Amino acid sequence: RDILKHELAHYLNFLEHGQVQAHGQEFRETCKRYGFPDEIALASMNLDTANLSKEGDIDSERILEKVKKLFQLAASSNVHEAELATVKANALLLRHNLDRAHLKNDEAPIYLDRVLVQKRKDAKISAVYDMLKHFIVKTVISHGKNSCCLEVSGSITNVKLAVYVGNFLDKELEHLWVTAKHAHGLQGLRAKNSFFLGIAKGFDQKMKQAKANLSVTDRRALIVVEKDLTDRTKMIYSRLSSSRTNNNFDSHAGEIGIQSGKNLSIRPGVEGSSKKLYLEYSKS
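Residue numbering for the sequence shown follows our numbering, beginning at 88 and increasing consecutively.
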């Protein structure tokens, strides 16, 4: 519970003050305001050590390693081989979730981590928000004081993989933009934003096609898994609102982005930098 309170205090502090010193004056004031014990504010716990028992899921680690190896194949210059590896990686993750769903473990905890911490919301964070939904996690764009970030929550396996993928996409979308800009003569923020949103749309179409190739039984099971994720993350996010406008959309850049999204493969080599404890929530 102390670990949970400590991370919750960090989260509340981020919402109120944005990116500030980890255990500075703002953090201590947040702990005091919410009535947390002194040891929480003093950060006297070794969070990495305390979290070992929670992160030591051997089955989850095994699945992650297999998926990452498939991502290595997805870096192949052979388009067909890269596409097949991406589909296999997604299928492996899906099978892992379907197998876990059969266990019907209502006590399994929900984990949360953050990626793409930046000053303000933009088209790239919106694109990654949409793309990470295909990795069976709840995605939320969270706004703090003078900052925002992308939060992902779900099982520990899915959250770790989503952070891994999110960090990759953060760099890859910029790389794809530079390539498209020179190849197609694109320029300006409007074109760049439309290109990013197009990538998300193309990736969405690609992943939906992969899911359509599942058996009827697996498609039904996936619906159950996704509904369970939605129901359980409501405990964390009880009230959400969203807004998006495409009034300033560049259709030409968007179409180029769609094709890039359809061809996008997740490649290894961008490990998430976060070593913090995941915010854990489970029914009591």
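C-beta: ideal position from N, C-alpha, C; glycine also.
Computed from a predicted model, the values in this text were never measured in an experiment.
Among the options, whose alpha-carbon lies nearest the alpha-carbon of residue i?
| i | options | result |
| --- | --- | --- |
| L351 | A287, L102, L301, K298 | A287 |
| C235 | F101, A96, K92 | F101 |
| K349 | Q159, Q108, K295 | K295 |
| Q205 | A195, L199, I197, H230 | H230 |
| G344 | E168, A210, F158, C118 | A210 |
| L260 | S213, T226, N300, S302 | S213 |
Excluding the 5 residues flanking residue i on each side, which residues of the same chain have their C-beta closer than 7 Å to its C-beta?
| i | result |
| --- | --- |
| V252 | L219, F222, I353 |
| Q346 | G289 |
Whole angstroms is fine: what's the gap from residue i's alpha carbon to residue j's?
| i | j | result |
| --- | --- | --- |
| G111 | N233 | 18 Å |
| D318 | G241 | 11 Å |
| F283 | I228 | 16 Å |
| D337 | N280 | 8 Å |
| L248 | V215 | 13 Å |
| N138 | H269 | Confidence is the limiting factor: at N138 the pLDDT is only 46, short of 50, which leaves the residue's position unreliable and the question unanswerable from this model. |
| K258 | T304 | 37 Å |
| A172 | V246 | 21 Å |
| L342 | H262 | According to the sequence shown, residue 342 is Glu rather than Leu. When rounded, the distance between both Cα atoms is 17 Å. |
| K155 | K175 | 11 Å |
| A278 | H104 | 32 Å |
| N335 | V224 | 29 Å |
Residue i: buried (16+ other C-beta within 10 angstroms of its C-beta) or exposed?
| i | result |
| --- | --- |
| G122 | exposed |
| T266 | exposed |
| D186 | exposed |
| N133 | For N133, the pLDDT reaches just 45, beneath the cut-off of 50, and the residue's location in the model is therefore unreliable, although a value from the coordinates is still provided. It is exposed - the Cβ of N133 has fewer than 16 other Cβ atoms within 10 Å. |
| S147 | buried |
| E94 | buried |
| D125 | exposed |
| K314 | exposed |
| A96 | buried |
| G87 | Residue 87 falls outside the range modelled here, since the chain spans only 88 to 371, and no answer is possible. |
Once you ignore the five residues that flank residue i on each side, which residues in its own chain have a CB closer than 8 Å to its CB?
| i | result |
| --- | --- |
| I150 | L179, L180, H183, T244 |
My assumption, with CB atoms under 8 Å, is that residue i sits in contact with residue j. Please give the rounded CB distance.
| i | j | result |
| --- | --- | --- |
| N254 | V202 | 6 Å |
| A340 | L273 | 5 Å |
| R306 | K298 | 7 Å |
Within the same chain, show all residues whose beta-carbon is closer than 6 Å to that of residue i, passing over the 5 residues directly before and after it, in chain order.
| i | result |
| --- | --- |
| D217 | A287 |
| F114 | N100 |
With a threshold of 7 Å (Cβ to nearest heavy atom), would residue i be considered close to the ligand NAD?
| i | result |
| --- | --- |
| L301 | As far as ligands go, the structure on display features none, and thus does not contain the ligand NAD. |
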